[in-house]
Each structure stands twice: as C-alpha cells, then as structure tokens.
Amino acid sequence: MTLQLQSAVSLKPFNTFGVDVQAQLFAEAHNDDDVRAALAYCAANTLPLMVIGGGSNLLLTGDVKALVLRMASRGIRIVREDCLEAIVEAEAGEPWHPFVQSCLELGLCGLENLSLIPGTVGAAPMQNIGAYGVEIKDVFHSLTALDRQTGELREFSLEECAFGYRDSLFKHETGRWLILRVRFVLSRVARLHLDYGPVRQRLDALGIAHPTPRDVSQAICAIRSEKLPDPAELGNAGSFFKNPLISAELAARIKVSYPGLVGYPQPDGQVKLAAGWLIEQAGWKGYREGDAGVHRLQSLVLVNYGRATGTQLLALARRIQADIVERFDVALEMEPNLY
Ligand code: EPU
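Residue numbers (this note's numbering): 52 to 390.
The structure is reproduced here in structure tokens:
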C-alpha cells in the first residue's frame, strides 16, 4: 500500500495535550517503505517532515507547515534468547505500555518499572524515558535508525546513543535520525528495582512480600494513576520540566530558607532537586489560567482543561520558570519538544 497523504488534518487526537492545531499534510508510516516515501515526498516538494510517535512529549504552539508523519509500524519479536535473557525487538510505532505488558506476558523482566508511560517505543530512546528508579538505558540493547540526510540505515549501540537523564544523542541531532525499531535485553530471571520509596510502600500495603515483575508493574500503574492525570481525561505531557541539577552550594543556600528542600545528591557532587517541590513551594500547585493549569496533585505536570492553546501553555510555563529563578535562583528546563 502506498503512503496515504491527507491535507489540513487536526492534530488534536495526536498530541496528549489535546492542543488543536492543523498539519498542512498528515500521513501514517506502517513500515520502512512508508518512511522512505514520506522523505522522498518532502524532498521533491521542499516541505519539512515532522515525525511524531504518541505525541506525549510535544507542545504544539501553532499550525504545522510540514508533513506530519505518525509512526504506526507494529511488531514485537524475540531476536535472540537463551535460558537467562532475551533480546526483544519492537517497531517504533508500538505503543509503549502494551509493549511492556507483552514482555511481561513473555516472562521477560526489566521494563516493569516503566509501566503506564504514554508514548511509543520509537520515541522512548529520544529522551531516555525513566520512572521509579529505571531508565531505558538500563535495558537497552541497540536500535536501528534511518539517516534522513543519506537515506541509509544505521545501528546504534548503547554507548553510541549517549543516554543521560531525559537525554540522548537523538535529542541533540534533531531532525537527523529517524528511529525505526528498538531492541532491549530483558531477563528471564526477576531482578527487581524496588528502591524507589513509593514502590516498596505500595507492595507492603498490598501485603506482597515477594513480588513478581507483574506485581511491580501493577503497583507502579496504581501509583501513576493516583498522581498523574490520564491524558484521555485531562490533556498533559507528563512532567513538563526536568528535575534540575544544581551545585551543592546553591542547595545549601536554598535550604537555609527552605529546610524541607527535596534534593538528591548525585555522584558528581551536584544535587538533583525535585522541580515539583519547588513549583509547589512557589504556590503554583493547582493554579489555573483559562484552560491552562498546573495539576492539583503533581506540580510538575501542566494540564489543558479543554481549549488551551500551545501558546497559552507555553506562557504559563515561562511564568513558572521566571518565578522559580527569582525565588530559588534555579533554572527549570522544559521537557517536551516545542513546535
Ligand atoms: N513533589 C512535591 N510537590 C509536587 C510534586 C512532587 O513536593 O507537586 C515532591 C514529592 O513529594 C517527592 C519529590 O517531589 O518528594 C519527587 O516526586 P515524584 O516521585 O512524583 O517524582 P518527580 O521527580 O516529580 C520524576 C519523573 C517522572 C517519574 C517520577 C517517578 C522527571 C522530570 N519526572 O517525577 O517522569 O514518573 O519521577 O520516577 O524526572 C515524565 O518524565 O513525564 C514523568 C512523569
């Protein structure tokens, strides 16, 4: 089947903020040939190409004068296995949470802490998604990407992806690499990460002393559902800001005025602050301005109550950033990609 191009398509269903802007052209890529056809079309018509996955880390601030290509390729397969572990490959368009569940059903452990994260497999390496003490770099094997400049396929190893906190090579070389499929090394033997306080507490509350990977997944789904809004009910893009890394000196200075400061010392001597705590202290938790707001339970999440525009959400984010600089001398970096 050839690539189906549609013009003047609303992107509201394709971004979890639910912002209503239009794409000049829109298409879905079900395989590598569709991706190549989209690239060829854009080259022939001198039109930019914007690739999206689940649209869950995206803030759209106006109509998109480009071909918006939604990755919709599907497929999950074990490419190598022994009695201890398996390498699982998934196509970029696979929705993330169902992929995690499929791995658990295959008896493979390693992704359970990343349950219920919105988005797709192909977008996950972009910002090295992480939650509850695990990041995808911890279970990543390799990925295949298309070089948009040369049209060639390239394999990336763990080291080559240069993963960091919500960061990777792909975030820096924007527009060059188009991720087609990702491979993970998963274990047949449960090696659970339960150190993140709320996870252990939730399992204890359920009376589970010896959890299975599925128990951990269920506990994490319960924690996330309590604290984080479901994009199907309230538009949002998860954490809107990264947790900032600051010097130990600045952390000590803030602590003088705010003894309850939530910070985690890092191996390099810096301190990672809970941005949600800073925003809450500054009085923004539950704040609403028109349809743009700060979630009432988790200050790190900006929400769209219905008709907020990307520009309104961005204006609110900038006011919060300015306030946090003024109060704490801390710069908050936005997590979603802006268009
Ligand atoms: N906190 C507050 N007020 C708030 C929010 C948080 O005081 O409004 C405090 C909490 O009490 C806690 C600390 O901040 O002591 C950390 O909060 P939480 O465990 O909810 O995690 P987070 O730092 O707010 C990060 C990730 C989340 C991830 C959770 C769990 C980032 C930017 N966010 O949030 O990721 O689910 O940890 O691991 O690193 C995402 O990236 O979209 C995302 C949701």
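For glycine and all other residues, C-beta sits at the position ideal for the given N, C-alpha and C.
Can you tell me whether DSSP reads residue i as helix, strand or coil?
i	result
F65	helix
T171	strand
Q363	helix
N179	coil
P249	helix
S193	strand
C212	helix
G258	coil
L76	strand
E163	helix
V345	strand
S219	coil
Q57	strand
S107	coil
W228	strand
K336	coil
P316	strand
P146	strand
S124	coil
G286	strand
R378	helix
L351	coil
L324	strand
Residues in its own chain within less than 8 Å of residue i by CB, not counting five upstream and five downstream?
i	result
N108	G170, A174, M177, Q178, A288, G289, E386, P387 and N388
V115	L62, V72, Q73, A74, Q75, M101 and Y390
A366	A343
E340	Q363 and L367
P99	C93, K116, A117 and L118
Q55	A78 and E79
W335	V345, S350, I371 and D374
N153	Rather than Asn, the amino acid found at residue 153 in this sequence is Ser. Only I127 meet the Cβ criterion.
Excluding sequence positions up to five away, which residues of its chain have a Cβ less than 6 Å from the Cβ of residue i?
i	result
L254	P262 and A270
K306	L312
G104	M122, G170, T171, G173 and A174
R370	none
E186	N179
F221	M177 and W228
G357	D342
Q57	F77
K188	N179 and F214
A137	I129, L159 and L237
To the nearest whole angstrom, what separates the beta carbons of residue i and residue j, a pair I think is in contact under 8 Å?
i	j	result
L118	C134	Not quite, the Cβ-Cβ distance comes to about 46 Å (not below 8 Å), so this is no contact.
V267	L243	6 Å
S193	F207	6 Å
E331	S308	Not quite, the Cβ-Cβ distance comes to about 15 Å (not below 8 Å), so this is no contact.
V352	P280	6 Å
I168	E145	Not really, about 13 Å apart at Cβ, beyond 8 Å.
V130	L159	So it is not a contact: roughly 13 Å between Cβ atoms.
F235	F191	6 Å
A143	R265	Their Cβ separation, rounded to whole angstroms, is 26 Å, which puts A143 and R265 out of contact at 8 Å.
L383	A326	6 Å
L120	A95	Not confirmed; about 15 Å, so no contact.
L209	T195	The Cβ separation is near 14 Å, so there is no contact.
A89	T53	About 11 Å; that fails the 8 Å criterion.
For residue i, does the count of other Cβ atoms within 10 angstroms reach 16, so buried, or fall short, so exposed?
i	result
N294	buried
D411	No answer is possible for residue 411: it lies beyond the span of the chain, which begins at 52 and ends at 390.
N164	buried
I274	buried
E300	exposed
Y183	buried
S124	buried
V240	exposed
G314	buried
A260	exposed
G248	exposed
L348	exposed
G161	buried
L257	exposed
G106	buried
A373	exposed
A91	exposed
So, for residue i: in the same chain, excluding its five sequence neighbours on each side, which residues have a beta-carbon less than 7 Å away from its beta-carbon?
i	result
V381	P295, I297, L324, L329 and I375
L111	L62, N66, V70, V72, G361 and Y390
Q200	R227
V60	Q73, A74 and F77
D218	Q178 and N179
A303	none
H148	S166, L167 and I168
Y338	G344 and V345
D198	R205, R227 and W228
Does the distance between the C-beta of residue i and the nearest non-hydrogen atom of the ligand ATP fall short of 7 Å?
i	result
N355	With respect to the ligand ATP, the structure offers nothing, as its ligand set consists of the ligand EPU.
With a threshold of 8 Å between beta-carbons, can residue i be considered close to chain B, or not?
i	result
G341	Given the protein chain composition of this structure (a single chain), no chain B is represented.
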